[in-house]
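Enquirer: Below you will find the structure I want to go over with you.
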Amino acid sequence: MADQPFPIAGSLDVTPPRVREQMTVGEWLHAWVVTVDHKRLGILYIVYAIFFLLVAGAEALAVRIQLARPDNHFLTADVYDRMFTMHGTTMVFLVGMPILFGFGNYLVPIMIGARDMAFPRLNAFSFWLTAFGGLLLYYSFIGGYGLYGMGNAPDVMWLAYAPLTEKAFSPGHTMDYWALSLILSGFGTLGTAINIIATALSMRCRGMTLFRMPLFVWLMLVTSALTLITITPLTAAQIMLVIDRYLGGHFFDTQAGGSAMIWLHFFWIFGHPEVYVLVLPAFGMANEIIPVFSRKAIFGYPAMAAASIGIAFVSTGVWAHHMFTVGMTSVGNTFFVLSTMVVGIPTGIKIFNWLATLWGGKIQFRPPMLFCLAFLFQFLIAGLTGIMLSVAPWNWQLHNSYFVIAHFHYVLVGAIVFCIFAGIYYWYPKAIGRMLDETLAKWHFWLFLIGFHVTFDTMHFAGFLGMPRSIYTYEADRGWGTLNMIVSIGGFIQAIAVLIFAYNLIHSYFRGRIAGNDPWDAWTLEWSTPSPPPVYNFATDPVVHSRRPLWDLKHPEDPDWKYE
Amino acid sequence: MKGRRRFNAFVAQRIFLCDSVQHQRGRPRALFITPHKSETHNLQQHHRYFDAKQMSSIMRKHDSPSTRPFLWAAFLLVKPALSRAWAQTKHTPPSIFAPASTPAHEIFGLSMFVLAITGGIFVVVGGLLTFAIIRYRSRKDDDASEPPQIYGSVQVELAWTVVPVLIVVVLFLTTARIIFAVQDAPEPKDALDVTVVGHQFWWEFRYPKLGIVTANELHVPVKQATFLHLLSADVMHSFWVPELAGKTDLIPNHPNDMWIAPQRTGLFLGQCAQFCGPEHAKMLLRVYVDTPEQFQAWVKDQQQPAVDDAAVAAGRHLFETQACTNCHAVNGTAAIGTFGPDLTHLATRDTIAAGAVKNTPQDLHEWIKDPAHFKEGVLMPAMQLSDPQIDQLVAYLDTLK
Amino acid sequence: MSAIPTFPTAEPWSLPSRGRVAMLSLIIGESAIFTIFVVAYIYYIGKSISGPTPQQVLDIPFFNTVCLLSSSVTIWLSERQIERGNIKAFAALWALTMALGIEFIVGTALEWHKLIYVDGLTIHTNLFGTTFYSLVGLHATHVVVGLLMLTVVMIFTLTGHINIRHTERVQVLALYWHFVDAVWVVVFTVVYIVGR
Ligand code: HEA
Ligand code: HEA
Ligand code: CUA
Ligand SMILES: [Cu+2]
Chain E
4 MADQPFPIAG
14 SLDVTPPRVR
24 EQMTVGEWLH
34 AWVVTVDHKR
44 LGILYIVYAI
54 FFLLVAGAEA
64 LAVRIQLARP
74 DNHFLTADVY
84 DRMFTMHGTT
94 MVFLVGMPIL
104 FGFGNYLVPI
114 MIGARDMAFP
124 RLNAFSFWLT
134 AFGGLLLYYS
144 FIGGYGLYGM
154 GNAPDVMWLA
164 YAPLTEKAFS
174 PGHTMDYWAL
184 SLILSGFGTL
194 GTAINIIATA
204 LSMRCRGMTL
214 FRMPLFVWLM
224 LVTSALTLIT
234 ITPLTAAQIM
244 LVIDRYLGGH
254 FFDTQAGGSA
264 MIWLHFFWIF
274 GHPEVYVLVL
284 PAFGMANEII
294 PVFSRKAIFG
304 YPAMAAASIG
314 IAFVSTGVWA
324 HHMFTVGMTS
334 VGNTFFVLST
344 MVVGIPTGIK
354 IFNWLATLWG
364 GKIQFRPPML
374 FCLAFLFQFL
384 IAGLTGIMLS
394 VAPWNWQLHN
404 SYFVIAHFHY
414 VLVGAIVFCI
424 FAGIYYWYPK
434 AIGRMLDETL
444 AKWHFWLFLI
454 GFHVTFDTMH
464 FAGFLGMPRS
474 IYTYEADRGW
484 GTLNMIVSIG
494 GFIQAIAVLI
504 FAYNLIHSYF
514 RGRIAGNDPW
524 DAWTLEWSTP
534 SPPPVYNFAT
544 DPVVHSRRPL
554 WDLKHPEDPD
564 WKYE
Chain L
889 MKGRRRFNAF
899 VAQRIFLCDS
909 VQHQRGRPRA
919 LFITPHKSET
929 HNLQQHHRYF
939 DAKQMSSIMR
949 KHDSPSTRPF
959 LWAAFLLVKP
969 ALSRAWAQTK
979 HTPPSIFAPA
989 STPAHEIFGL
999 SMFVLAITGG
1009 IFVVVGGLLT
1019 FAIIRYRSRK
1029 DDDASEPPQI
1039 YGSVQVELAW
1049 TVVPVLIVVV
1059 LFLTTARIIF
1069 AVQDAPEPKD
1079 ALDVTVVGHQ
1089 FWWEFRYPKL
1099 GIVTANELHV
1109 PVKQATFLHL
1119 LSADVMHSFW
1129 VPELAGKTDL
1139 IPNHPNDMWI
1149 APQRTGLFLG
1159 QCAQFCGPEH
1169 AKMLLRVYVD
1179 TPEQFQAWVK
1189 DQQQPAVDDA
1199 AVAAGRHLFE
1209 TQACTNCHAV
1219 NGTAAIGTFG
1229 PDLTHLATRD
1239 TIAAGAVKNT
1249 PQDLHEWIKD
1259 PAHFKEGVLM
1269 PAMQLSDPQI
1279 DQLVAYLDTL
1289 K
Chain R
101 MSAIPTFPTA
111 EPWSLPSRGR
121 VAMLSLIIGE
131 SAIFTIFVVA
141 YIYYIGKSIS
151 GPTPQQVLDI
161 PFFNTVCLLS
171 SSVTIWLSER
181 QIERGNIKAF
191 AALWALTMAL
201 GIEFIVGTAL
211 EWHKLIYVDG
221 LTIHTNLFGT
231 TFYSLVGLHA
241 THVVVGLLML
251 TVVMIFTLTG
261 HINIRHTERV
271 QVLALYWHFV
281 DAVWVVVFTV
291 VYIVGR
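What follows is the structure in structure tokens.
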């Protein structure tokens, strides 16, 4: 039944005969570089991000080798600092952001029945700006003290606390690369965010009211709106840093009366909402995948949309929970404890709605679903460790320890990366036209799951035993040796899993089973198009009448629109 | 105006750090506490080891049928690591679950409470998830029909919004209580004041009322509150000794305060907990909690000017004619540098280089020859001295008791 | 086997203009940037550890302010003209807007010239210099960018490429110009009134 075309307007395949085969490599490359097609740009974003996932993952492995044993000399202090700084910066800005916006690019127009983004050329421009930002950041490895000393790569943590970033303490160009490349990619992100908002609000097909948009689109809309007021404070603060460094300004120059505190505030006004910018699209993917593989409609659609808005809203007022140890007043601390804990409420609503979606379904353990189920557990734990961190007095102990590292990898890897993998397994057939190999997928899943838990569960205990983050080595008498060895082993298990995944992507591109239009028997509009969809997505503009247009078609006896 | 004052303070702190500076920099906010009588009493019951007995007392405090199994599970998980750490006898390796001082102890109590609640949430929600996944998996013999479609339910949604709200209220109130108890505790009169200045990769400790300046190894008396006034000479650092208290950052232009009230003697390890440059990892901290007598003796000793031993005059001459004096001070000599640690009583310390190196003549020799051998990113240069010269220097430094 | 479901297909379907949505989004983002700079400015008022102070060197730029604010009015009038297809009047008002904007930039340039060469205040001098030039400079940059875009429209108008169909786009651009003016009100209040 997979290949049976649905009688929905727009599913008609009028693709011209495929011309790719006759292209020379040059032409093919040219076509990708000049493309303004949202699907191609989406794929470019994702490929770019997966590349950097490997790079930043390799950096994490270097970190793990160094820390595996006490007093290790695998990396020098300098190089270690560059490694973990670049790891964090890359993972957040060159992996997390682009991959999620890549999915947004690919899916938002096609899910709302549009033919492209609102501003295709702005879209291409944003991508290349982001890409250039990433390349600029990595260009820092060349020069400076040469490749062996890792050049001029930034070395002061991804949070770049002032005044360590000032010329007085960071001579050379490390911070210039950091600030300038992130300003650039920040503008790229801003452009994409604007584009997605305009697309979701102004390009929906007939009948696609706001409350019929797939939840993924909702989440992208909320994320993009949050991005508008999130990435810009960082840009502003980085402009100040550049002014300090190049023009001799004093914003963060504590020797001229400047303040280190103000950087902390500015950074976290960006930094905290940023983590929700990363996690909301991941939620969006889970929102699409969990219902399909439970064979049930999502439970509480309006509550899900409202909770997302709630999370975004509250998340703008919690930033100082990263600053409980900087000496705020007790009233200030108390306020941020409350606001932070409040985030748990809308997030809880989401967890419970997913639970209710599973409840009474017929759960199929296909690869995308496996990753989503693991995500549910891991996000639950990660959220609860977040709550522990938000307890200010306990935070005075846990702050900047490996417990924090464990908390945020639980979210960033356990939730976001897991959802991204789920999303890739789910939509790869649509974008490429072939299924990803399921056996390899299961190997990938189980190895990654084991590696993940070996690594990041263990880190919590290192934190309890007082191991601070960002240290390039530690003494044997601290009693952290065994724990760190376990963590490092877990890191390598993850690496094997990621390599299997990368191999699967390439292998299935050539050898995968042909997917057909709708391999998962799903319900949103993208599955009504051929795989891969033609440039214009829909031959004629589709019309929808409910949240699950394809359900209506497949179940004319019991269509969704009757219940809305 | 305020900015000007802060700047003065900054300059003072950086260049001559006289004791009067403290008065400029002290923050009006009262942050200090001595443990109340009852607390002290409580603490004395506290065991050196985080053992099953202690665990049961925690359990009694936060007893509830739903949380009990989880607490035990957590305990069993943490215990092996902790006991292994304790097997070494010289000092107590760090752990946030072995509090030896008032704020750390209060935090510990709070943390167990929070752990119990979050653990309970995990068990309930995780259990439901597991149940749903197993119970509602699709089966082999299944017909291809779709399950009944359920779109939502307002009552259910309301229920699972209200319960978390209540949990949040409880967590928030307990947390707030401890925040105020620790942060806004008033300073008692008999408190010991110590000014801590963070430098890139070492700690400076000043006892303004006692006229002592030392580095890297903090001595405090047991069962008495000590108030730490935290300053920074360069970038952000963070003072963290898990057994004694939570951490507080040392921030340039932003004086902070914290306090400890240790309840048992011993050596407690900690380290800088805010990335501050290449040698952040080796900016270690040692806190010696002494008996009152030991502490008095230590104070007496530290208040003396440097020993002047004619036998090592050559070394002393070398020290005073090399660049050493630009950065180091030795009380009673011409050396008044403040960029590096005060060396007046260097020989009384167990370690040098912020706890990274043992204070033995050999290591001292190696250190002066090439500090970067121990700490790559150190800000003390190798002075290009010959071995005999360094021997003379070490002989001199070794007399600085 | 029920019949094809019947649903109302003829319901009216209208969506907001994507240009407007995008410009409003951009404005929200830009506001966040300005907010950060304004907060930094306010935070550092009076914290400079050496002179000169705002009281000593800043004169209130009344004329500049009047010019910039009235340019908002002129651009609004020109929007109404293009709406009616009155291209000549549109062009005239548009040119007037540009002239007012240029006056503002020139005025700022003169102010800075005085500050730098007469009062010796540079971005490096003290915190006041740093925050002042950054905030006012950030705003001036936006005015310059706005002027460039206005110029492009002006060129198209003069070469006869603008007509009533471009109303929407012109209005979107005008939205940006209004935003830049509104920001000036904030900057003006903070820098020249609160900060002095
Ligand atoms: C996607 C990323 C992501 C997400 C979603 C979160 C989610 C949360 N985070 Fe996390 N966090 C990070 C990424 C993320 N975090 C990163 C990267 C850092 C470190 C940055 C750095 O320093 O480098 C960090 C650091 C960090 C800190 C600072 C630690 C420190 O440095 O001292 C704190 C403190 O409060 C915190 C708290 C929280 C809380 C309360 C949530 C909440 O949103 C969690 C809410 C979820 C739940 C609570 C679970 C589900 C809810 C229920 C089942 C309902 C019932 C529950 C209750 C009523 C409690 N996080
Ligand atoms: C999305 C975000 C993300 C992700 C996915 C990860 C993934 C991982 N992270 Fe990271 N991490 C951060 C975000 C992330 N991290 C951030 C923000 C910080 C803070 C930085 C700071 O403090 O400044 C941090 C810090 C951080 C630290 C602390 C460093 C320190 O403070 O000293 C550690 C230590 O173990 C670590 C480990 C890991 C590991 C083992 C993984 C693993 O999951 C990685 C698994 C993937 C691989 C192993 C890739 C395998 C691929 C290959 C082996 C192929 C290589 C081939 C080619 C390049 C062609 N991370
Ligand atoms: Cu000092 Cu880290
Ligand atoms: Cu946060």
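Chains as they are written, first to last, in my numbering: chain E, 4 to 567; chain L, 889 to 1289; chain R, 101 to 296. For every residue, glycine included, the Cβ atom is placed at its ideal position computed from N, Cα and C.
Quick one: which residues of the region 262-275 of chain R get their C-beta closer than 7 Å to a C-beta of chain E? List them in chain order.
Expert: none
Enquirer: Based on Cα-Cα distance, which residue from E:466, E:351 and E:562 lies nearest to residue 1010 (chain L)?
Expert: Walking along the second sequence from the start, residue 1010 (chain L) turns up at place 122. Cα-wise, what sits closest to residue 1010 (chain L) is E:351.
Enquirer: Does the region 318-336 of chain E come into contact with the region 391-404 of chain E, if we say contact requires no fewer than three beta-carbon pairs (one atom in each stretch) closer than 8 Å?
Expert: yes
Enquirer: Just list the beta strand (DSSP E) runs in the region 165-250 of chain R, keeping only unbroken ones of 3 residues or longer that don't cross its boundaries, in chain order.
Expert: none
Enquirer: Let me confirm a value: residue 953 (chain L) is counted as buried when at least 16 other C-beta atoms fall within 10 Å, else exposed. Which label applies?
Expert: The sequence position of residue 953 (chain L) within the second sequence is 65, counting from 1. Low per-residue confidence applies at residue 953 (chain L): pLDDT is 42, beneath 50, and the placement is therefore not dependable, though the value from the model is reported in the following sentence. It counts as exposed.
Enquirer: Is residue 163 (chain R) buried or exposed, if buried means 16 or more other CB atoms sit within 10 Å of its CB?
Expert: Counted from its first residue, the third sequence places residue 163 (chain R) at position 63. By the 10 Å Cβ count, residue 163 (chain R) comes out exposed.
Enquirer: Can you give me the C-alpha to C-alpha distance between residue 166 (chain E) and residue 138 (chain R), rounded to a whole angstrom?
Expert: Taking the first residue of the first sequence as position 1, residue 166 (chain E) is located at position 163. Taking the first residue of the third sequence as position 1, residue 138 (chain R) is located at position 38. So the two alpha carbons sit approximately 21 Å from each other.
Enquirer: Would you list the residues sitting across from residue 274 (chain E) in a DSSP beta bridge?
Expert: What you label residue 274 (chain E) is simply residue 271 of the first sequence in a count that begins at 1. Bridge partners of residue 274 (chain E): none, in fact.
Enquirer: Report the rounded CA-to-CA distance for residue 187 (chain R) versus residue 125 (chain E), giving the unit in angstroms.
Expert: By 1-based counting over the third sequence, the position of residue 187 (chain R) is 87. By 1-based counting over the first sequence, the position of residue 125 (chain E) is 122. Each residue's Cα considered, the two are about 29 Å apart.
Enquirer: Can you tell me whether residue 1085 (chain L) is helix, strand or coil according to DSSP?
Expert: As a working note, residue 1085 (chain L) is residue 197 in the second sequence. Of the three classes helix, strand and coil, the one that applies to residue 1085 (chain L) here is strand, per DSSP.
Enquirer: So which residues of chain C does residue 164 (chain R) contact, with C-beta pairs closer than 7 Å?
Expert: Absent from the structure is chain C; the protein chains it does hold are E, L and R.
Enquirer: Looking at residue 333 (chain E) and residue 1072 (chain L), is the spacing between their C-beta atoms short of 9 Å?
Expert: Numbered from its first residue, the second sequence carries residue 1072 (chain L) at position 184. Numbered from its first residue, the first sequence carries residue 333 (chain E) at position 330. Going by C-beta atoms, residue 1072 (chain L) is nearer than 9 Å to residue 333 (chain E).
Enquirer: Classify residue 913 (chain L) as buried or exposed, calling it buried when 16 or more other Cβ atoms lie within 10 Å of its own Cβ.
Expert: Position 25 of the second sequence, counting from 1, holds the residue named residue 913 (chain L). Because residue 913 (chain L) carries a pLDDT of 32, less than 50, the predicted location of this residue cannot be relied on, and the following value inherits that uncertainty. Counting the other Cβ atoms within 10 Å of the Cβ of residue 913 (chain L) gives 16 or more, which makes it buried.
Enquirer: Return helix, strand or coil for residue 914 (chain L), following the three-state DSSP convention.
Expert: In the second sequence, counting from the first residue as 1, residue 914 (chain L) sits at position 26. Residue placement at residue 914 (chain L) cannot be trusted, given a pLDDT of 33 that sits under 50; what the coordinates show is reported in the next sentence. In this structure, residue 914 (chain L) counts as coil in the three-state DSSP scheme.
Enquirer: Ordered along the chain, which non-local residues of its own chain (more than five positions away) have a Cβ less than 7 Å from that of residue 336 (chain E)?
Expert: Here residue 336 (chain E) refers to the residue found at position 333 when the first sequence is read from its first residue. Correct list, in chain order: 327 and 395.
Enquirer: Indicate, with yes or no, if ligand 3 has a heavy atom lying under 8 Å from the CB of residue 160 (chain E).
Expert: As a first step, residue 160 (chain E) must be located in the first sequence, where it is residue number 157. No; taking the cut-off as 8 Å, the Cβ of residue 160 (chain E) has no heavy atom of ligand 3 nearer than that.
Enquirer: Tell me whether residue 485 (chain E) counts as near ligand 2, meaning its Cβ is closer than 8 Å to at least one heavy atom of that ligand.
Expert: For this step, residue 485 (chain E) is matched to residue 482 along the first sequence. Not under cutoff, so the answer is no.
Enquirer: Tell whether a beta-carbon distance below 9 Å holds between residue 225 (chain R) and residue 154 (chain R).
Expert: Within the third sequence, the letter at position 125 stands for residue 225 (chain R). Within the third sequence, the letter at position 54 stands for residue 154 (chain R). No; because the gap between Cβ atoms is not below 9 Å, this pair is not in contact.
Enquirer: Just the Cα atoms here: how many angstroms apart are residue 408 (chain E) and residue 1101 (chain L)?
Expert: Along the first sequence, read from residue 1 onward, the residue named residue 408 (chain E) stands at position 405. Along the second sequence, read from residue 1 onward, the residue named residue 1101 (chain L) stands at position 213. Roughly 36 Å between the two C-alpha positions.
Enquirer: Measuring from the CB of residue 1163 (chain L), is there a heavy atom of ligand 3 at a distance below 8 Å?
Expert: On the second sequence, position 275 is the one that residue 1163 (chain L) refers to. Correct: residue 1163 (chain L) has its Cβ closer than 8 Å to ligand 3.
Enquirer: Alpha carbon to alpha carbon, how far is residue 117 (chain R) from residue 119 (chain E)?
Expert: As a position in the third sequence, residue 117 (chain R) is number 17, starting the count at 1. As a position in the first sequence, residue 119 (chain E) is number 116, starting the count at 1. Going by the C-alpha atoms only, they are around 15 Å apart.
Enquirer: In chain order, what residues of the same chain lie with their CB nearer than 6 Å to the CB of residue 247 (chain R), ignoring the 5 residues before and after it?
Expert: Start at 1 with the first residue of the third sequence, and residue 247 (chain R) comes out as number 147. Counting only Cβ-Cβ distances below 6 Å, and skipping sequence neighbours, we find 201.
Enquirer: If the cut-off is 8 Å on Cβ atoms, which residues from the region 1123-1138 of chain L count as contacting chain E, listed in chain order?
Expert: 1123, 1124, 1126, 1128, 1130, 1133, 1134, 1135, 1136 and 1137
Enquirer: For residue 1147 (chain L), which residues does DSSP report across the bridge?
Expert: Against the second sequence, residue 1147 (chain L) aligns to sequence position 259. Answer is L:1115.
Enquirer: Just how far apart, CA to CA, sit residue 448 (chain E) and residue 1113 (chain L)?
Expert: Here the question's residue 448 (chain E) lines up with position 445 in the first sequence. Here the question's residue 1113 (chain L) lines up with position 225 in the second sequence. Cα to Cα, the separation comes out at about 53 Å.
Enquirer: Using a Cβ-Cβ cutoff of less than 7 Å, which residues in the same chain neighbour residue 240 (chain R) once the five nearest sequence positions on both sides are dropped?
Expert: Locating residue 240 (chain R) in the third sequence gives position 140, where the first residue counts as 1. Cβ within range, chain order: 205 and 208.
Enquirer: CB of residue 278 (chain E) to nearest heavy atom of ligand 4: below 8 Å?
Expert: As a first step, residue 278 (chain E) is located in the first sequence; it is residue number 275 there, counting from the start. Residue 278 (chain E): yes, Cβ under 8 Å from ligand 4.
Enquirer: How should residue 40 (chain E) be labelled, buried or exposed, when 16 other C-beta atoms within 10 angstroms of its C-beta is the threshold for buried?
Expert: Here residue 40 (chain E) is taken as the residue at index 37 of the first sequence, counted from 1. By the Cβ neighbour-count rule, residue 40 (chain E) is buried, with 16 or more other Cβ atoms within 10 Å of its own.
Enquirer: How long is the line joining the alpha carbons of residue 348 (chain E) and residue 1045 (chain L), rounded to whole angstroms?
Expert: Here residue 348 (chain E) corresponds to residue number 345 of the first sequence, with the count starting at 1. Here residue 1045 (chain L) corresponds to residue number 157 of the second sequence, with the count starting at 1. If I take the Cα positions, the gap works out to 12 Å.
Enquirer: Is there contact between the region 83-94 of chain E and the region 121-136 of chain E, where contact requires at least three CB pairs shorter than 8 Å?
Expert: no
Enquirer: Report the residues of the region 203-217 of chain E with a CB closer than 8 Å to any CB of chain R, ordered along the chain.
Expert: 204, 205, 206, 207, 209 and 210
Enquirer: State the DSSP-derived secondary structure class of residue 1093 (chain L), mapped to helix, strand or coil.
Expert: Locating residue 1093 (chain L) in the second sequence gives position 205, counting from the first residue. Three-state DSSP puts residue 1093 (chain L) in a strand.
Enquirer: Which ranges would you report for the alpha helix (DSSP H) in the region 42-103 of chain E if only whole runs of at least 4 residues count?
Expert: 80-92
Enquirer: Apart from the five residues on each side of it in sequence, which residues of its chain come closer than 6 Å, Cβ to Cβ, to residue 1216 (chain L)?
Expert: To locate residue 1216 (chain L), count along the second sequence from 1; it is residue 328. Only 1223, 1225, 1228 and 1231 meet the Cβ criterion.
Enquirer: Counting pairs of beta carbons, one from the region 173-184 of chain E and one from the region 197-209 of chain E, are three or more of them closer than 8 Å?
Expert: no
Enquirer: For residue 226 (chain E) and residue 129 (chain R), which I take to be in contact (beta-carbon distance under 8 Å), what is that distance rounded to the nearest angstrom?
Expert: Position 223 of the first sequence, counted from the start, is the residue given in the question as residue 226 (chain E). Position 29 of the third sequence, counted from the start, is the residue given in the question as residue 129 (chain R). In fact, because the Cβ distance is near 14 Å, the residues do not count as touching under 8 Å.
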